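Step one of this worksheet: look at the structure below.
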Amino acid sequence: DTAVSQTPKYLVTQMGNDKSIKCEQNLGHDTMYWYKQDSKKFLKIMFSYNNKELIINETVPNRFSPKSPDKAHLNLHINSLELGDSAVYFCASSQDHMRGAEAFFGQGTRLTVV
Amino acid sequence: DQQVKQNSPSLSVQEGRISILNCDYTNSMFDYFLWYKKYPAEGPTFLISISSIKDKNEDGRFTVFLNKSAKHLSLHIVPSQPGDSAVYFCAAVPDSSYKLIFGSGTRLLVRP
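The following block contains the structure:
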C-alpha cells in the first residue's frame, strides 16, 4: 500500500510537448512537495503546497505549474518541454509544513526529453 | 551554490565494520539536519535526524554526530550490513523554513 505514489514512473517525450506528472499521498499529510534531481544528483525543491496553498516556489521556469486539487494530490504540469528538463522528479509529503518535518518520497518519475 | 556538501561520492566498507558518511554545510542558519537513504529506482526514505541543539542522536545501528563549530555532521553505521548498501543523502533545514536542502549523496557499498 504505497504511501506516496507518482505516475508515470518513466516518461519519454519530444521537445516542445506538454506533459503532466501525477502524485497522490494516502498518509493524510498536509504538505506536499516537488523535488528535481538533476544530472549531478542534487535533489532540489521546486514547489511546496500546504493544505492546497502554495508556500514554496523556488526559482523555477513558469513552464512548470503545480496543481493541487485537494491536499492528497499535487500534480506537476510542464509546458513546452526542453532538453534541460530531463531529470528525475520526486514528489514528497510531510505531516505538516513545520520545519524539520520528515518527508516521505515517491519513487520518482524519470523524464527524458528528446 | 552548494550549501550542503558530501565530498565523498562513494564509500566501500566490509560487512560488520563501521561506515562513516560525512557532510559539510556552509549556512549557519541551518538548525535541523537529516539523513535519507535511497535505493535504486526508489525515492529517498528518512533515516535519522538531529537538531542543532544536540551533538549526537542515536537510533539502533545509526548515529548522527553534529559539530556546529566545524559545520560538519556525520552518520555512523555500525555494524554495517549488505542491506545498508544505498545512496545516503544529507539534508538540512534552514531556520524558519519548510524546505530540505540536500547534498549530492554518497554511495555506500557494504561488501559481504
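Protein chains in written order, with the numbering used here: chain F, 7 to 120; chain X, 27 to 138. Glycine included, each C-beta is placed from N, C-alpha and C at the ideal position. These numbers were taken from a predicted model, which means no experiment stands behind them.
According to DSSP, is residue i part of a helix, a strand, or is it coil?
i                : result
LEU37 (chain X)  : strand
PRO108 (chain X) : helix
LEU135 (chain X) : strand
ASP91 (chain F)  : helix
THR13 (chain F)  : strand
MET38 (chain F)  : strand
PRO75 (chain F)  : coil
Leaving out five residues before and five after residue i in sequence, what residues of the same chain have Cβ atoms less than 7 Å from its Cβ?
i               : result
LYS94 (chain X) : SER78
GLN40 (chain X) : ARG137
THR19 (chain F) : LYS25, LEU87 and VAL119
Do residue j and residue i count as a contact pair if the criterion is CB distance below 8 Å?
i                : j                : result
VAL10 (chain F)  : GLN31 (chain F)  : yes
GLY112 (chain F) : GLY69 (chain X)  : yes
TYR55 (chain F)  : LEU89 (chain F)  : no
PHE88 (chain X)  : LEU101 (chain X) : yes
Would residue i pass as an interface residue toward chain C - the criterion being a Cβ-Cβ separation below 8 Å?
i               : result
SER74 (chain F) : Looking for chain C here will not work: the only protein chains present are F and X.
Spatial neighbours of residue i within its chain, please: CB distance less than 6 Å, with the 5 preceding and 5 following residues excluded, ordered by chain position.
i                : result
LEU8 (chain X)   : With chain X represented from 27 up to 138, any question about residue 8 (chain X) goes unanswered, as that position is not in the structure.
ASP81 (chain X)  : LEU92
ARG133 (chain X) : SER36 and VAL113
GLY42 (chain X)  : PRO105
Please list, in chain order, all residues of the same chain as residue i whose beta carbon is under 8 Å from its beta carbon, the five residues on each side excluded.
i               : result
GLU64 (chain F) : LYS50, ILE51, MET52 and PHE53
(message) Across the stretch 72-88 of chain X and the stretch 45-53 of chain X, are there enough close Cβ pairs to call them in contact, namely three or more that are closer than 8 Å?
(response) no
(request) With 9 Å as the limit, tell me which residues of the stretch 32-51 of chain F have their beta carbon closer than that to any beta carbon of chain X; keep them in chain order. (result) THR37, TYR39, TYR41, GLN43, LYS46, LYS47, PHE48, LEU49, LYS50 and ILE51
(message) Residues of the stretch 10-33 of chain F in Cβ contact with chain X at a cutoff of 9 Å, in chain order, please.
(response) VAL10, GLN12 and LYS15
(request) Could you say if the stretch 53-67 of chain X and the stretch 101-116 of chain X meet the contact criterion of at least three C-beta pairs nearer than 8 Å? (result) yes
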